[in-house]
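Below is one structure, written out as structure tokens, with a few remarks after it.
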Amino acid sequence: MLSVNGAAPVGIFDSGLGGLSVLRAVRALLPAEPLVYVADSRYAPYGQRDDDFIADRTLAICEWLAGQGAKALVVACNTATAQSIALVRDKLALPLVGVEPGIKPAAIVSKSRVAGVLATQVTLRSERFRALVERHAGDLRVLLQPGHGLVEAVERCDVSSPELVALLRGYVQPMLDVGADTLVLGCTHYPFLDAAIRSIVGERMTLVDTSVAIARQLERLLDQHGMRATLAEKAALAGRAAATPAAPVRFCSTSDGTHLRQLAAALLEIDAPVECVAIPSRRTRELDASLNIGAA
Ligand code: DGL
8 MLSVNGAAPV GIFDSGLGGL SVLRAVRALL PAEPLVYVAD SRYAPYGQRD
58 DDFIADRTLA ICEWLAGQGA KALVVACNTA TAQSIALVRD KLALPLVGVE
108 PGIKPAAIVS KSRVAGVLAT QVTLRSERFR ALVERHAGDL RVLLQPGHGL
158 VEAVERCDVS SPELVALLRG YVQPMLDVGA DTLVLGCTHY PFLDAAIRSI
208 VGERMTLVDT SVAIARQLER LLDQHGMRAT LAEKAALAGR AAATPAAPVR
258 FCSTSDGTHL RQLAAALLEI DAPVECVAIP SRRTRELDAS LNIGAA
């Protein structure tokens, strides 16, 4: 049954820390909305997992968020969206927003008509991505580049080391060499690498990040369902009647949460504790059993 309580939180989920780039945009646009964020860092990166594993985790975490009272969900992970958004829509009767690489905006802004897409291998090989390119690319030449190693770097809070910049250079220099003027950041971890990417491409490329568009889509959905947190609810949440700062964010991680706390503080200026949560699912029970985790 749908919750129509405006004061209920919006659930946001990613394989790890990348969804914080979406959370940042949601908080900027909808500061009255309380948020629950889940980082499935124990099982990141998803880009190296099989399709069934990603679907299993996505559904388990969305169900967990629904169980925590979330009124709407944002799957802030391109990989999980590409693989599993249809499944979640089928199973859960909650307003749901997914994310996908910004092919459409790239096709609008590119002047050279060559754009690179940096995303996980799983996203790039998905049927959903193929259909997106077919629908929106038009005459745009699209260069696909799996960003191997980038999610792992952000997960350990590395957004600027020389090794990371060298890895990025290997991905974007070939795009520049063939005239790309636009780079689609097709993974929610990558906006945290924008300074490192800028240090390589300077002003020669427009970086396309869809997090603001995702926040707007969430706003439209909440309005449609009459679920927006009101200022009164926001004030009540803060325990006073005057204008208040942004509503609280509850951070949860399936790992120890240290890096989530660190990145949220460094890049979002939110210093909040992180709850370690267990969200078991069919595939992780198998995996943990094979690793002997939890055995006496
Ligand atoms: N942030 C996820 C995405 O947008 C990363 C996926 C992964 O864990 O590999 O695709």
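Those letters in the sequence shown? Residues 8 to 303, by my numbering.
Every residue gets a Cβ at the ideal spot worked out from N, C-alpha and C, and that includes glycine.
N-terminal and C-terminal residue of the alpha helix (DSSP H) that residue i is part of
i	result
leucine 60	According to the sequence displayed, residue 60 carries phenylalanine and not leucine. Taken as a continuous stretch (DSSP letters only), the alpha helix (DSSP H) holding phenylalanine 60 covers 58-74.
isoleucine 286	That residue, isoleucine 286, is in no alpha helix (DSSP H); it is neither H nor E in DSSP.
aspartate 201	201-208
Assigned secondary structure, residue i (DSSP; H/G/I helix, E/B strand, else coil)
i	result
valine 215	strand
aspartate 263	coil
proline 153	strand
glycine 177	helix
leucine 171	helix
valine 158	helix
valine 191	strand
arginine 235	coil
arginine 163	coil
valine 185	coil
alanine 79	strand
alanine 248	No answer about alanine 248 holds up, because its pLDDT of 48 lies below 50 and its placement is not dependable.
alanine 273	helix
Opening and closing residue of the beta strand (DSSP E) in which residue i lies
i	result
alanine 126	121-126
Any chain B beta carbon closer than 9 Å to residue i
i	result
proline 108	Reference to chain B is not applicable here, since this structure consists of a single protein chain.
### Query
Around ligand 1, which residues pass a check of Cβ closer than 6 Å to any of its heavy atoms?
Residues with a Cβ closer than 6 Å to any heavy atom of ligand 1, in chain order: Asp21, Ser22, Gly23, Gly25, Ala51, Pro52, Tyr53, Gly54, Cys84, Asn85, Thr86, Thr127, Thr130, Val158, Cys194, Thr195, His196.
### In chain order, each beta strand (DSSP E) run of at least 3 residues that lies wholly inside the segment 18-48
Within the segment 18-48, the complete beta strand (DSSP E) segments at least 3 residues long are 42-46, listed from N- to C-terminus.
### Query
Which runs of the alpha helix (DSSP H), 4 residues or longer, sit entirely within the segment 93-147?
Secondary structure within the segment 93-147: the alpha helix (DSSP H) runs of 4 or more consecutive residues, fully enclosed, are 110-116, 128-131, 134-143 (chain order).
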